[in-house]
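All residue numbers in the sequence shown are consecutive under our numbering, ending with 434.
Below is one structure; the comments refer to it alone.
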Amino acid sequence: MSKRLVTLALTLAVIIAAIGTVPVIAQDECDFVGEIPIGVIGPLTGDIPKVGQSTVEAAEMAVEEINAECGIEIDGEQYEVLIIVEDDESKAESAVAVATRLIEEEEVVAIIGPQASKQAVPAGQVADDRETPLISPWSTNPATTLDRPWVFRAAFLDPFQGRVVANFVGEKFGAKTAAVLYDVASDYPKGLAENFRDAAEEVGIEIVGFESFTTGDTDFSSQLTNIIGGNPEVLFTPQYYNEVPLIVQQARELGYEGYIVGSDSWGTPDLLDLCGEACNGLYFSTHYAPDIATEVGQTFIMAYEELYGAKPDDVAALTYDAFQILFLAIENGQSFEREDIRDSLQNIGLFEGVTGVMSFDEQGDPIKCAVIIEIKDGAFTYYDSACPAGFPPEG
40 MSKRLVTLAL TLAVIIAAIG TVPVIAQDEC DFVGEIPIGV IGPLTGDIPK VGQSTVEAAE
100 MAVEEINAEC GIEIDGEQYE VLIIVEDDES KAESAVAVAT RLIEEEEVVA IIGPQASKQA
160 VPAGQVADDR ETPLISPWST NPATTLDRPW VFRAAFLDPF QGRVVANFVG EKFGAKTAAV
220 LYDVASDYPK GLAENFRDAA EEVGIEIVGF ESFTTGDTDF SSQLTNIIGG NPEVLFTPQY
280 YNEVPLIVQQ ARELGYEGYI VGSDSWGTPD LLDLCGEACN GLYFSTHYAP DIATEVGQTF
340 IMAYEELYGA KPDDVAALTY DAFQILFLAI ENGQSFERED IRDSLQNIGL FEGVTGVMSF
400 DEQGDPIKCA VIIEIKDGAF TYYDSACPAG FPPEG
């Protein structure tokens, strides 16, 4: 596990100022009277290191941006924001350990992360038990925040996402049958598989195969053979970007010719490199699409591309949003005491971020829209949006 205090050089401040978001202020001109330590937890190593990379890049960017404006002002005094980054190694037990250390040893005022639900659910329990605000940017499993007043998130929930995908395959493909392949040992795919199954059945789609495997498996031929035997029109697999190419390849090799669709775990660009042409024409649900970004989103994307040389994925966008929500809560509450931050987060109101407009319910979960992405010519391309009834509010 790695830990580091992160403060970037003025490079990012210059980049951001160049595209018109903040003025360039040399930090030695800022009269900081103290520091606001924030913990960051992500999978820097393990199965999905690209998620960890996006987490750190967006975190660094958000912190340098606010420090370029002389940090957060509380009662007329300026405080510098620092982040302490921890690696959860894509393991639940590591997430628990680093969350505990951040709270008890580093005495952070809040935590951003973990990302995957398998780590966010147990780490969220640690934060709630120790009365420390935690915002998971990417976790979509309801258990992360359920009955935990100290835990929040920036992503939509899987019951909503399951309905979005079920409605999409019914409307787009006219599907009457579907099958599911998922990792039974991981909170995120297991929960979303069940949510999709239930939503599909509600809209008249028969589930003719519901097959599972265990984390680390690479041979899916037995499950796929069973699925193909049911002749489903659609195969839904809510797996991570490193697993999807294997599933797609093996499904096609075994003769499956139907539609394959996925979820927000597909949204890392490494999927395109790993899957190649085999993933062209596939669809998945996710949190935002750069090609329909709002002005807020476009500004973020431009700065991120200038700094890192690549478009930000959904993890980066959600992480940046999570930081902006936290900064706003501290500013609104004029305090970085943990309880005051929690109270302010509970009253954040309507928020416009990179991933769109959102409001928050009593569980600390955002009400927001999802998007459908088509993989077209080796790129992620916006296809459609799906919003909760009556959202976003008019005006």
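No residue lacks a Cβ here, since even glycine has one placed at the ideal position from N, Cα and C.
Since this is a predicted model, take the numbers as computed values, not measurements.
Legend entry - Whole-angstrom distance between Val396 and Asp86, CA atom to CA atom: 31 Å
Legend entry - Euclidean distance between Cα positions of Asp222 and Gln337: Each residue's Cα considered, the two are about 35 Å apart.
Legend entry - Sequence-distant residues of its chain with Cβ nearer than 7 Å to Gly392 (five each side left out): These residues qualify, in order along the chain: Val335, Asp360 and Gln363.
Inset, instruction - Assign Gln373 to one of two classes, buried (16 or more other C-beta atoms within 10 Å of its C-beta) or exposed (fewer than that). - result: exposed
Legend entry - Stretch pair the stretch 378 to 390 + the stretch 287 to 300: three plus CB contacts closer than 8 Å: no
Inset, instruction - Starting from the C-beta of Ile64, find all residues in its chain whose C-beta is less than 8 Å away, skip the five residues before and the five after it, and write them out in chain order. - result: Only weak support is given to the placement of Ile64: the predicted model assigns it a pLDDT of 48, under 50, and the question is left unresolved by the model.
Legend entry - Cβ shell of Pro491 (< 7 Å), same chain only, five flanking positions each side left out: Residue 491 is absent from the model: the chain starts at 40 and stops at 434.
Inset, instruction - Assign Pro351 to one of two classes, buried (16 or more other C-beta atoms within 10 Å of its C-beta) or exposed (fewer than that). - result: Buried: at least 16 other Cβ atoms inside 10 Å.
Inset, instruction - Please determine if the stretch 232 to 245 and the stretch 199 to 208 are in contact, where contact requires at least 3 C-beta pairs separated by less than 8 Å. - result: Yes: the two stretches touch, three or more of their Cβ pairs being nearer than 8 Å.
Legend entry - Under the three-state DSSP convention, the category Tyr280 falls into: Here Tyr280 sits in coil by DSSP.
Legend entry - the stretch 167 to 183 contacting the stretch 147 to 156, beta-carbon criterion three pairs below 8 Å: With the cut-off at 8 Å, the stretch 167 to 183 and the stretch 147 to 156 touch.
Inset, instruction - Please classify Arg169: does DSSP put it in a helix, a strand, or coil? - result: coil
Inset, instruction - Can you tell me which of the three DSSP states Phe259 falls into? - result: coil
Inset, instruction - Tell me, please, whether the stretch 108 to 126 touches the stretch 134 to 141 by the rule of three or more beta-carbon pairs shorter than 8 Å. - result: yes
Inset, instruction - Would you check if there are 3 or more beta carbon pairs closer than 8 Å linking the stretch 316 to 326 to the stretch 253 to 266? - result: no
Legend entry - Coarse secondary structure for Ile380, derived from DSSP in three states: Residue state, collapsed to three classes: helix.
Inset, instruction - Sort out for me which residues DSSP pairs Ala425 with in a bridge. - result: Ala409
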